[in-house]
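The block underneath contains the structure these notes are about, expressed in structure tokens.
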Amino acid sequence: MRRISFWHLAFGLSAAALVGAASGCGDPFGQEASIENTVDTVTLYALRDTPIRLPSAYDMLQPSGFQAVRTDTTSQFDFAFDIDSTGRALIYPAGALGLSREPGLQPMDKTFEEVRRAPDSGYRADSAITVTQGGVFVARSRVTSLFCVYVAVPRYGKFHVLVLDPTIRSITLETLVDLNCGFRGLEPGIPGS
91 MRRISFWHLA FGLSAAALVG AASGCGDPFG QEASIENTVD TVTLYALRDT
141 PIRLPSAYDM LQPSGFQAVR TDTTSQFDFA FDIDSTGRAL IYPAGALGLS
191 REPGLQPMDK TFEEVRRAPD SGYRADSAIT VTQGGVFVAR SRVTSLFCVY
241 VAVPRYGKFH VLVLDPTIRS ITLETLVDLN CGFRGLEPGI PGS
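When the letters of the sequence shown are read in order and numbered with the numbering used here, they come out as residues 91 to 283.
Here is the structure:
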């Protein structure tokens, strides 16, 4: 009878874990989506010159109704809103604020409805994007293993600027975030990929 060495066992377990990870998360990995994509709205307030008790940032990993977060109580968010001294509305990925460089932003030249899938690349992670009323952007979250088996991947969402209010220094966004592991589908309902 042949004995199995520690190294053979370690290699076998590593290979099994890799296969498990590959089969455990989003298309093309094999896990089916189970969380329905829904459209929502959220209002954020500028980082500067607004009361600290108002939310300025967005956490894509939270369920609907809990994504708007205060920057004085958490650093776990994917982007934040501000208005600069010239009146430009800016969306900062977390990395541009000295936090996680995993989240990224990408302006889109499409309507909210036309954005059906998050792009594979082209996300800006280290500097703000300028947004205008009616504009659309896609965001990539920080990496997480939430709702995944064996792997950690970002989530993707699309955002439409419904209202920019320079008086109260706020932005209201129409949102759709796909919380399913590894999926990039940005249409309402259960995503297919």
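Glycine included, every Cβ here is placed at the ideal spot set by N, Cα and C. Bear in mind the structure is a predicted one, so any value in this text is a computation, not a measurement.
Opposing strand residues paired with residue i [DSSP bridges]
i	result
GLU122	Beta-bridge pairing links GLU122 to no other residue.
VAL251	LEU263
ARG353	Residue coverage of the chain in this structure runs from 91 to 283, which leaves residue 353 outside it and unanswerable.
ILE219	ILE181
LEU195	ARG214, ALA229
Beta strand (DSSP E) segment containing residue i, residue limits
i	result
THR201	Segment: none, THR201 is in no beta strand (DSSP E) and carries neither H nor E.
ASP130	129-135
TYR213	Segment: none, TYR213 is in no beta strand (DSSP E) and carries neither H nor E.
THR163	Element bounds for THR163: n/a, residue is neither H nor E.
ALA229	226-230
Residue i classed as buried or exposed, judged by whether at least 16 other C-beta atoms fall within 10 angstroms
i	result
ARG206	exposed
ARG138	exposed
GLY188	exposed
SER260	buried
LYS200	exposed
Expected contact under 8 Å - CB spacing of residue i and residue j to nearest Å
i	j	result
LEU134	PRO141	About 13 Å separates the two Cβ atoms, so there is no contact after all.
ARG230	GLY194	4 Å
THR265	ASP174	The Cβ separation is near 23 Å, so there is no contact.
Same chain only: Cβ atoms within 6 Å of residue i, ignoring 5 sequence neighbours per side
i	result
SER190	ALA184, ARG232
Residues near residue i by beta carbon distance below 7 Å, same chain, minus five either side
i	result
TYR213	GLY194, LEU195, GLN196, ARG230
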